[in-house]
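Just below is one structure, and these are the notes that go with it.
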Amino acid sequence: MRLQGKTALVTGSTRGIGLGIARAFAREGAAVVVTARSGKDCQAVAEEIGKEGRRAIAIPADLSKSEEVRRLARDAESALGGRVDILVNNAGQPRVAPSVELPEADYRYTLDLNLNAYFLLSQETGRGMLSRRSGAIVNVSSVNGTLAFPQRLAYCVAKAGVNMLTKVLAIEWAGQGVRVNAIAPGYVATEMVKGLAAKGILDQERLSRRTPMGRLGLPEEVAEAAVFLASDAATFITGSVLTVDGGWMAYGYL
Ligand code: NAD
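Residues 127 to 380 (the numbering used here) are what the sequence shown spells out, left to right.
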């Protein structure tokens with residue numbers, strides 16, 4: 127029970143990595159706000175967690191829209207008894223297209239969802255954390271925050287921004303009890319990756335071969351890193367970007 131008595135807001139928690147994190151946080155004793163665009167999906171996850179005897183509240187929001195991001199922060203705070211102890215910025219998605227053809231609307235959407243929502247939610251929930259001199263933010267970035275992949279310009283720019291957002295907030299808030307860290311997953315077997323593979327945009331076999339561990343990661347493996355960074359096991363860790371990638375970033379051979 128590494129998060130006993132804590133409250134948490136986990137974005138994009140109806141599937142994939144976010145769902146893994148919401149389940150792990152609830153298992154470790156946190157009350158969790160589950161959020162994504164679909165109210166039905168949020169409700170289903172909240173009920174599943176509730177059946178395990180844990181507390182989860184469904185609050186849908188479209189995080190590509192700043193007014194919805196701010197509303198989510200307010201609603202989550204009141205649903206969680208006036209305090210969000212842990213924020214996990216996770217909802218994200220790439221738009222894949224050659225840069226020369228990437229529509230401006232897709233570029234802007236990708237930055238709004240993958241970077242700007244992270245900033246706004248950190249700011250909104252960070253105020254309460256700073257006033258209580260206690261809190262932890264975990265940003266789900268990507269190996270794409272460091273490594274350039276073709277046809278993912280906006281996504282790579284956003285994730286690089288997430289890494290720097292993490293570091294700037296971390297050093298500003300380090301003396302006030304609020305820690306800010308990021309996780310950079312390699313390829314993880316989620317609906318997003320399966321969807322891209324089904325469209326022929328990704329080849330899961332090749333991705334497994336490129337990963338020194340020879341396989342894709344599991345949402346549960348990323349969730350364990352998020353529990354660690356959010357918990358009191360990480361009290362001297364802030365401004366870190368932790369890779370959870372089966373060795374992808376370390377590999378530089380053929
Ligand atoms: P996913 O597509 O399986 O799940 C994404 C979640 O975000 C879903 O709950 C979805 O409903 C929600 N979401 C999407 N658009 C939204 C919007 N506009 N408003 C609110 N919620 C929205 O994705 P995933 O693979 O679990 O990825 C989660 C995070 O991990 C993302 O930030 C992604 O960039 C990052 N990541 C994933 C991988 C991977 O291989 N899967 C690798 C590196 C980083």
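Note that the Cβ used here is the ideal one computed from N, Cα and C, for glycine as well.
Buried or exposed: where does Lys132 fall if 16 or more other Cβ atoms within 10 Å of its Cβ makes it buried? buried
Look at the alpha carbon of Thr361 and the alpha carbon of Arg305, and state the distance between them as a whole number of angstroms. 8 Å
Report the partner residues of Gly261 according to the DSSP bridge assignment. Val304
Buried or exposed (CB count within 10 angstroms, at least 16 for buried), Ile327: exposed
Check for me: the beta strand (DSSP E) holding Ile212 runs from which residue to which? Ile212 to Asn215
Top-ranked residue by Cα proximity to Val288, from Arg341, Ser225 and Ser268: Ser268
Going by C-alpha distance, which of Ala184, Ile263 and Arg153 is nearest Thr161? Ala184
Within the present structure, is the beta-carbon of Gly142 separated from the nearest heavy atom of the ligand NAD by less than 7 Å? yes
Gly208: CB within 7 Å of a non-hydrogen atom of the ligand NAD: no
May I ask which residues mark the beginning and end of the beta strand (DSSP E) holding Ala157? Ala157 to Thr161
When you measure from the CB of Gly246 to every non-hydrogen atom of the ligand NAD, does any distance come out below 7 Å? The identity of residue 246 in the sequence shown is Leu, whereas the question assumes Gly. Not under cutoff, so the answer is no.
Please indicate yes or no: does the CB of Tyr233 lie closer than 7 Å to some heavy atom of the ligand NAD? no
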